[in-house]
Amino acid sequence: MLFLRASDVEKALRPEIAVQAVREAFIELSSGRINQPKRTVMMIKGD
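Quick note: the sequence shown uses the working numbering, first residue 1, plus one each step.
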């Protein structure tokens with residue numbers, strides 16, 4: 001697993017590119033052209 005700090009992400013992605021990518025993804029999802037798996041939630045009881 002890779003953990004990135006905010007500064008790492010900011011160096012790799014320009015905000016305008018990230019916003020455009022998210023916008024396009026929401027358009028694809030809302031138009032029904034893609035399927036997104038449902039979020040899985042697991043409740044784990046500990047000690």
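For each residue, glycine too, the CB sits at the ideal point set by N, CA and C.
Query: Is the distance from the Cβ of L29 to the Cβ of Q20 below 9 Å?; Result: no
Query: Can you give me the Cβ contacts of L2 inside the same chain, cut-off strictly under 7 Å, excluding the 5 residues immediately before and after it?; Result: none
Query: Helix or strand or just coil, what does DSSP make of Q20?; Result: helix
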